[in-house]
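In the numbering used here, the protein residues as written are 4 to 176. Cβ atoms here follow ideal geometry from the backbone N, Cα and C, with glycine treated the same way. Just below is one structure, and these are the notes that go with it.
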């Protein structure tokens, strides 16, 4: 399954039980669509393009160590992680409630190579240069100390990083 198909499968998996957050992230509910349009000026096409670009930093054959901060409900990333059986995935969130939803999604998708850590992105409980990729889809705007969050994510990111890191860093800049 390619990245756009993974994102679209996240939309389909929501059905009628989507939370406000999931509906916003996936552009799949009326309130979610309203937030996307009014706050971010994104329609469904722009939302899909944004998410595809955001997830393009994770190679489809990735087999290294990945940290996602914050994981939220995992609505977009669990379909991606399901197709990364050789990766070592760690998901961190400050909200236990959000993370519990992500855990349930991981269990439902039978993702075994994943761990969940409750914590603060401004004080990550990991050693320097622990991860090949640090992924944050929807969190930096909410972190109270953005400088600490940037500093910590940079600290735990391997400086050599993923082979595609230099290309991704140039793309994201």
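Whose CA, out of the options, lies closest to the CA of residue i?
i           : options            : result
residue 49  : 30, 60, 119, 67    : 30
residue 86  : 58, 97, 100, 104   : 58
residue 61  : 39, 81, 155, 44    : 81
residue 126 : 163, 151, 106      : 151
residue 137 : 156, 145, 129, 122 : 156
residue 83  : 108, 124, 163, 22  : 108
residue 161 : 139, 140, 131      : 131
residue 163 : 67, 129, 139       : 67
residue 112 : 141, 100, 88       : 88
residue 24  : 51, 101, 43        : 101
residue 139 : 153, 106, 22       : 153
Residue i and residue j look like a contact to me (Cβ under 8 Å); what is the Cβ gap, rounded to whole Å?
i           : j           : result
residue 104 : residue 76  : 4 Å
residue 94  : residue 114 : Contact doesn't hold; Cβ gap of about 10 Å is too wide.
residue 64  : residue 97  : Not a contact, Cβ separation roughly 31 Å.
Please classify residue i as buried or exposed, where buried requires at least 16 neighbouring CB atoms within 10 angstroms.
i           : result
residue 148 : exposed
residue 110 : exposed
residue 73  : buried
residue 92  : buried
residue 146 : buried
residue 54  : buried
residue 71  : buried
Report yes if the C-beta distance between residue i and residue j is below 7 Å; otherwise report no.
i           : j           : result
residue 159 : residue 143 : no
residue 35  : residue 47  : no
residue 69  : residue 90  : yes
residue 78  : residue 45  : no
Enumerate, from N- to C-terminal direction, the unbroken beta strand (DSSP E) stretches of 3 or more residues contained entirely within the segment 97 to 171.
Within the segment 97 to 171, the complete beta strand (DSSP E) segments at least 3 residues long are 117 to 121, 136 to 138, listed from N- to C-terminus.
Segments assigned beta strand (DSSP E), at least 3 residues, entirely inside the segment 37 to 96
68 to 71, 91 to 96
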